[in-house]
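J.: Have a look at this one.
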Amino acid sequence: MDIENTLAPWLGKTVKMIDNHIQEMFYAKEISLTKIQWVLLKRLGEKNGVPQQELAFLTGRDKTSLTRLINTMEKKSLVARIPSKSDRRINHIHLTKKGALLLKETMPIMEGFAKSLQENISEEEIKHAINVIKKVQENLIKKIQ
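Residue numbers for the sequence shown follow this note's numbering, beginning at 1 and rising by one.
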């Protein structure tokens, strides 16, 4: 089997290219944000005040790396940890006003980027690609269980 003709290297290279391009777009607009920080802002924009444990699941991050990410974003005043009133061990993560404004500013950038990635690709091809990627993810889940 020629590993270069399998999905893994193509998916990995594509993700790396996307990450790099997002970083370049933000840098060009003098936005101090990484892709994963943006993903966290977006998730909080959809579900603000979510418990940190649930946020780890929503972003696909382990507890340790999510804690570091939240610490960094707290220092930038983009998010705030609010302890639960009923259980002090639980922290709810909230967007700050600054975080909400940054999300609002960057959303059109990311939407335009996502749209540009799909140029010259039919709706049917996009649906097919998504289905293939979902199957790859299902296969991965079976391997790690």
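Each residue gets a CB set at the ideal place from its N, CA and C atoms; glycine is no exception.
1) Find out if the Cβ-Cβ distance for the pair L102, V79 is shorter than 8 Å.
2) Let me check one thing: in DSSP terms, what residues is I93 bridge-paired to?
3) So, W38 versus T106, is the Cβ gap smaller than 8 Å?
4) Does the distance between the C-beta of K115 and the nearest non-hydrogen atom of the ligand ADP fall short of 7 Å?
5) For L32, tell me which candidate among K75, I90, I130, L58 has the shortest Cα-Cα distance.
6) I130 and Q118 - do their beta-carbons sit closer together than 8 Å?
7) Distance, Cα to Cα, S84 vs L66?
8) Exposed or buried, M17, counting other C-beta atoms within 10 Å across all chains shown (16 or more means buried)?
9) Quick one: what's got a C-beta closer than 8 Å to I90's C-beta in the same chain, skipping five residues either side?
10) Can you tell me the Cα-Cα spacing of I70 and K104, whole angstroms?
11) In chain order, what residues of the same chain have a beta carbon less than 7 Å from the beta carbon of T59, not counting five sequence neighbours either side?
12) Would you mind giving the Cβ-Cβ distance between I22 and F113, rounded to the nearest angstrom? I have them listed as a contact below 8 Å.
13) So is F57 buried or exposed if we call it buried at 16+ other beta carbons inside 10 Å?
T.: On the basis of the data shown:
1) By 1-based counting over the sequence shown, the position of residue 102 is 102. By 1-based counting over the sequence shown, the position of residue 79 is 79. No; because the gap between Cβ atoms is not below 8 Å, this pair is not in contact.
2) The residue you call residue 93 lines up with position 93 of the sequence shown. Partner(s): V50, R81.
3) The residue you call residue 38 lines up with position 38 of the sequence shown. The residue you call residue 106 lines up with position 106 of the sequence shown. Taking 8 Å as the Cβ cut-off, W38 and T106 qualify as a contacting pair.
4) Among the components of this structure there are no ligands whatsoever, and the ligand ADP is therefore not found.
5) Position 32 of the sequence shown holds residue 32. According to the sequence displayed, residue 32 carries Ser and not Leu. Between S32 and the set K75, I90, I130, L58, the nearest pair of CA atoms involves K75.
6) Against the sequence shown, residue 118 aligns to sequence position 118. Against the sequence shown, residue 130 aligns to sequence position 130. Going by C-beta atoms, Q118 is not nearer than 8 Å to I130.
7) Along the sequence shown, read from residue 1 onward, the residue named residue 84 stands at position 84. Along the sequence shown, read from residue 1 onward, the residue named residue 66 stands at position 66. When rounded, the distance between both Cα atoms is 18 Å.
8) What you label residue 17 is simply residue 17 of the sequence shown in a count that begins at 1. M17 should be labelled exposed.
9) Here the question's residue 90 lines up with position 90 in the sequence shown. Here I90 has P51, Q52, Q53, P83, S84 as same chain residues with Cβ atoms under 8 Å from its own Cβ, once five neighbours each way along the sequence are excluded.
10) As a working note, residue 70 is residue 70 in the sequence shown. As a working note, residue 104 is residue 104 in the sequence shown. Their backbone Cα atoms lie some 19 Å apart in a straight line.
11) Here the question's residue 59 lines up with position 59 in the sequence shown. Once the five neighbours on either side are set aside, the close Cβ partners of T59 are V39, L40, R43, L66.
12) By one-based count along the sequence shown, residue 22 stands at place 22. By one-based count along the sequence shown, residue 113 stands at place 113. Contact between I22 and F113 holds, since their C-beta atoms are separated by about 7 Å, short of 8 Å.
13) Residue numbering aside, residue 57 sits at position 57 when the sequence shown is read from its first letter. With fewer than 16 other Cβ atoms within 10 Å, it is exposed.
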